[in-house]
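Asks: Which chain is which? The protein sequence lines are A and B, in order.
Whatever position you read off the first sequence (first residue = 1), add 922 for the working numbering.
Position 257, counted from 1, in the second sequence is what the working numbering calls 242; the numbers after and before it change by one each time, with no gaps.
Every residue gets a Cβ at the ideal spot worked out from N, C-alpha and C, and that includes glycine.
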Amino acid sequence: MKLSKRNFLGLTLATALTALPLIALADGWQPKRPIDFTIMAGAGGGADQIARFVQSVVDANDMTNRPLVPTNRGGGSGAEALLHLKDARDPDHTIMVTLNSFYTTPIRQEALNVNIESFTPLTMMGVDPFVLWVHKNSGITTFEQYVEKVKSMNGEYVMGGTGAGQEDSIVIAYMSGAYGLDIKYIPYDGGGAVAKDLAGQQIMATVNNPAEAKGFYEAGEFVPLLAFSDERMGAYPNVPTMKEKGHDFSYYNQRAIVGAPGMSDQAAAYYRDIFGKVYEGDEWQGYLKSESLSPLPMDEATTRKYWATQVENHRQLLSEIEN
Amino acid sequence: MEVFSFLADGIFLALQPVNLALILIGVTVGLFIGAMPGLGSVNGVAILLPITFLVPPASAIIFLAAIYYGAMYGGAISSVTLGIPGASTAVATTFDGRPLALQGRASLALVTAALASFVGGTVATVFFTLFAPLLASVALNFGPPEIFALMLLAFATFVGLGGDDIPKTIFSICFGLVLATVGFDTISGAPRLVLFDIQGFVRGIGFIVLAIGVYGIGEMLWTLEQTRGEITTTNPKMTAKGLASDAKEAVQRGWKGTWIGSILGFFVGVLPAAGATPGSLMSYGVAKIISKTPHEYGNGSPDGVAAPEAANNSASTGAMLPMLTLGIPGSPTTAILLGGMVIWGLTPGPRLFLDESEFVWGLIGSFYVSNVAAVLINLAFIPLFVWMLRMPFTILAPLIVVLSIIGGFAASRSMHDLWMIVIFGLGAFFLRKFDYPLAPAVLAIVLGPIAEPTLRQSLLLSSGDPSIFFTRPIAGPITVIAIILILLPALKLLRRNGRVS
């Protein structure tokens, strides 16, 4: 075969096409450089675990032609990450894994001037419920005993959490308001540290995500008393919910992937496709189950509506705490 | 004994070809990552975590642990050759490692560091093998008051490290503590000291930024100014015979520091939240306090290199313990390892030793193997690192500045940090000119973020009553020892004055 210019070009093109992953053919847009995968929290926490899990799944299955580069930007309760996305110079290659500071931080720090409704919804990976835990040595086995115990201690009952305005403090504030509890609240810098100090009985109770307390629960150290989910959780069928106790309250930590404001529609469609596949894959479904996350799939329009309600809810919850 | 049969199985697992290859690659990669100023084990482990998805969990954690080990060995290399601590765990290594390098004894410093690291890592692994479950329950007894007492002890041990000028040392510590408060406050949930409303300060000022600024840029400017271009480079030669004689000297002059570091480092490392940095600082301080020749410290004492190096390896092994048995990371690197374990489908925590004993013992076995691999690979590369020092200063100086900038940027990928590095570098240069010791500031920025929240948590627990630090069974004795150590120089001074009059 004589290698004419046209043949040569055709050959090159054909090679290039076969070399590309199949997904490339699905639609037009492709990342042109490594994707900035910002994590709204420090290393080791729930959001970090999820980001690295997603990255591993994407990597192991060769789903993107450019790598996801996870970077922890947990500073200022997520303010750092929010600003990084807001000011992203290349919104098509900047995405983020969120938790609820996505809602609370812009409300609590108005100076940031971040409007999360300008961000691009990509994929809702699930929501993480909260559970009230005590140590087995306390002898408390029901929520009623807990309420009685807290009341009998006149403000000396110590709970730990991740700080004022953080997810667990919202739950504790609601619970205290509903039952007239006076609790001494010690802030820590992460859910893991909180769980450890409950195991060492430095504090008397916590509101932790199941993932954070699971190891101690399985070893029989922790006793779950109450779930703040809408329905009883599969892994804890005997734990009643706040709703069953007659209070219309549930609270979840959002585990979502969002894009920077101003991301092009093509890029957003590309990421939704990728993370949609991760979501449906066996690895992620297994993770949801083992870490007791609830699935909450939603499309773009629903997500936007969901964000608006969440911002409103958090504004109200936070103003209740501050007063 | 049961433990030994588990251990034998574990070592056997670690010696399987795939795992052994992963250990060798991991240690080598870790060594070079650790040797880069700015990059430490955290970065190495985080970057390579996704790769581990391709191998079974036991091999994956062995690989990551090998990187962790390699990086701990590597941290000493930039401390000695460049004078920049590669990671916070290697700050104390610069105190004596750098003077040794300037005396042309870089190879002695590096050999001492390698051997001390080996002993530290091995001693810690033996403790780990024998007492893991017991130590885990001890670690749980350390609440906020105990951790604060420990931090007080760490401050106490290095109060004397800044030299004779105590007011300047105290100024330096306070300066570091103030820098440590910049950014988001855990307790109140509010941002603090966001200077000029620059949002970069919300994140706070990291150790890496200050250390690279002070040691990378500031020190370089100072050297340039001192020598005005007429640098006398030492010409260290490296032969196999030289290596052997260095090893002999390292053993003779560094064994004391090694033992102190190995044991103290492990116990501090086991405590969640403390980690390897306080362990290495305290070991240096304690080694100096009990030394018969404390004046050698800071002027190139092999004991002064051995103590922190043994301690940081020992503490890294120790930090694995709360991670595995409690699911609590004792250091930023173990936090990422913990994330990895969840990804692999394991639940770290009290049941891990029972449910996943093959995984756990494979990992422990790999500690032994990694240590041997790390010391051999490290010794093999020492001639290369020493050769680097033979470059003319006119080449080495810009190289260090470039490495500093790259390392500073790679750690956080933020331009704000680069500007801070330059500003701290210039500031450090002027402070140095006025004879202010800067090491205490660098140490304060590491310990401050641990000490401050634990102090405030303790006082919240006790409703503001400081006696909580004296009445608790573990915190009490530690606080008392710390206070005695702080007052010791003052007492000595008083006694001396009394004798004179």
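Of the residues B:Leu(-8), B:Asn297, B:Phe133 and B:Phe103, which one's Cα is nearest the Cα of B:Arg457?
Replies: Cα-wise, what sits closest to B:Arg457 is B:Phe133.
Asks: Distance check for A:Thr1026 and A:Gly1000, CA to CA, integer angstroms please.
Replies: Approximately 9 angstroms, taken between the alpha carbons.
Asks: So A:Ser1212 packs on B:Gly330, CB below 8 angstroms; how close in whole Å?
Replies: Sure, about 7 angstroms apart at Cβ, within 8 angstroms.
Asks: What first and last residue would you give for the beta strand (DSSP E) that runs through B:Thr74?
Replies: It is not in any beta strand (DSSP E) - B:Thr74 carries neither H nor E in the DSSP assignment.
Asks: Chain A beta carbons: is any one of them nearer than 8 angstroms to that of B:Leu306?
Replies: No, no contact with chain A.
Asks: Interface residues of chain A around B:Pro333 at Cβ under 7 angstroms?
Replies: Within 7 angstroms Cβ-Cβ: Gly1137.
Asks: What would DSSP say about A:Lys1118, mapped onto helix, strand or coil?
Replies: In the structure shown, A:Lys1118 sits in a helix (DSSP, three-state: H, G or I).
Asks: For A:Tyr1118, go through chain B and note every residue whose CB falls closer than 9 angstroms to its CB, in chain order.
Replies: The question names Tyr, but residue 1118 of chain A in the sequence shown is Lys. Within chain B, the residues near A:Lys1118 are Ala124, Leu125, Pro257, Ala258, Pro307, Leu311, Gly312 and Ile313.
Asks: Assuming the contact rule is C-beta atoms closer than 8 angstroms, B:Pro22 and B:Ser301 should be a hit. Round their C-beta distance to whole Å, please.
Replies: Their Cβ separation, rounded to whole angstroms, is 19 angstroms, which puts B:Pro22 and B:Ser301 out of contact at 8 angstroms.
Asks: From the DSSP output, in three-state form, read off B:Ser514 for me.
Replies: There is no way to answer for residue 514 of chain B, as the model of chain B reaches only from -14 to 486.
Asks: Quick one: using the 10 Å Cβ neighbour count with 16 as the cut-off for buried, is B:His280 buried or exposed?
Replies: Counting Cβ neighbours within 10 Å, B:His280 comes out exposed, since fewer than 16 surround it.
Asks: Let me check understanding here. Comparing Cα to Cα, which of A:Gln971, A:Val1069 and A:Glu1089 lies closest to A:Ser1172?
Replies: It is A:Glu1089 whose Cα lies nearest to the Cα of A:Ser1172.
Asks: On the DSSP bridge assignment, give the partners of A:Tyr1101 in chain order.
Replies: For A:Tyr1101, which the question treats as bridged, DSSP gives no partner whatsoever.
Asks: Report yes if the C-beta distance between A:Asp958 and A:Thr993 is below 8 angstroms; otherwise report no.
Replies: Yes, the Cβ-Cβ distance between A:Asp958 and A:Thr993 is below 8 angstroms.
Asks: Less than 8 angstroms separating the beta-carbons of B:Phe127 and B:Ile459?
Replies: Yes, the pair counts as a contact, with Cβ atoms nearer than the cut-off.
Asks: I'd like to know whether the C-beta atoms of A:Ala1121 and B:Leu311 end up nearer to each other than 8 angstroms.
Replies: Cβ atoms of A:Ala1121 and B:Leu311: closer than 8 angstroms.
Asks: Out of curiosity, what's the CA-to-CA distance linking B:Val163 and A:Glu1143?
Replies: Between B:Val163 and A:Glu1143, the C-alpha separation is close to 39 angstroms.
Asks: Closer than 9 angstroms by beta-carbon distance: list the chain A residues that pair up with B:Phe378, in chain order.
Replies: Near B:Phe378 there are no residues of chain A at all, since even the closest Cβ is about 35 angstroms away, more than 9 angstroms.
Asks: With a floor of 3 residues, list each beta strand (DSSP E) that falls wholly inside the region 1041 to 1110 of chain A, ordered by position along the chain.
Replies: Segments of the beta strand (DSSP E) lying fully in the region 1041 to 1110 of chain A: 1042 to 1051, 1053 to 1057, 1079 to 1083 and 1105 to 1109.
Asks: If you draw a straight line from the alpha carbon of B:Gly227 to that of B:Gly82, how long is it in whole angstroms?
Replies: So the two alpha carbons sit approximately 18 angstroms from each other.
Asks: Across the region 289 to 298 of chain B and the region 260 to 268 of chain B, are there enough close Cβ pairs to call them in contact, namely three or more that are closer than 8 angstroms?
Replies: Enough Cβ pairs lie closer than 8 angstroms, so yes.
Asks: Quick one, which residues of the region 168 to 180 of chain B are near chain A if we go by CB-CB under 9 angstroms, in chain order?
Replies: Listed by position, the residues of the region 168 to 180 of chain B near chain A (Cβ gap below 9 angstroms) are Gly168, Phe169, Asp170, Thr171, Ile172, Ser173, Gly174, Ala175, Pro176 and Val179.
Asks: For A:Tyr1173, which three-state DSSP category applies?
Replies: If DSSP states are grouped into helix, strand and coil, A:Tyr1173 belongs with coil.
Asks: Could you give the DSSP three-state label for A:Pro1013: helix, strand or coil?
Replies: Reduced to three states, the DSSP call for A:Pro1013 is helix.
Asks: Relative to chain B, which residues along the region 1055 to 1083 of chain A have a C-beta separation below 7 angstroms, given in chain order?
Replies: The residues in question are Val1080.
Asks: Hey, would you say B:Phe169 sits closer than 8 angstroms to B:Leu432, going by beta carbons?
Replies: No, they are not a contact pair.
Asks: In whole angstroms, what is the alpha-carbon distance linking B:Arg417 and B:Met205?
Replies: Approximately 11 angstroms between the Cα atoms of the pair.
Asks: For A:Asn1130, does the three-state DSSP call read helix, strand or coil?
Replies: Three-state DSSP puts A:Asn1130 in a strand.
Asks: List the DSSP bridge partners of A:Thr1163.
Replies: For A:Thr1163, which the question treats as bridged, DSSP gives the partners A:Ala1149.
Asks: For the 8 angstroms Cβ check, are there 3 or more pairs between the region 13 to 31 of chain B and the region 48 to 68 of chain B?
Replies: Short answer: they touch.
Asks: Starting from the C-beta of B:Ile471, find all residues in its chain whose C-beta is less than 7 angstroms away, skip the five residues before and the five after it, and write them out in chain order.
Replies: Result list for B:Ile471: Ala141 and Val144, in chain order.
Asks: Roughly how many angstroms lie between the CA atoms of A:Ser1241 and A:Gln1207, to the nearest whole one?
Replies: Using only the alpha carbons, I get a separation of about 36 angstroms.
Asks: Give the C-beta separation of B:Gly285 and B:Pro84 to the nearest angstrom, bearing in mind that I take them to be a contact with Cβ-Cβ under 8 angstroms.
Replies: Between B:Pro84 and B:Gly285 the Cβ distance is about 4 angstroms, and since that is below 8 angstroms, they are a contact.
Asks: Per DSSP, what kind of secondary structure is A:Asn994 in: helix, strand or coil?
Replies: It is a strand residue.
Asks: Could you check the C-alpha separation between B:Ile172 and B:Pro438 for me, to the nearest Å?
Replies: Rounded to the nearest angstrom, the two C-alpha atoms are 7 angstroms apart.
Asks: Which residues in the same chain have their Cβ closer than 8 angstroms to the Cβ of B:Val3, if we skip the five residues on either side of it in sequence?
Replies: Here the set comprises Val40 and Ser44.
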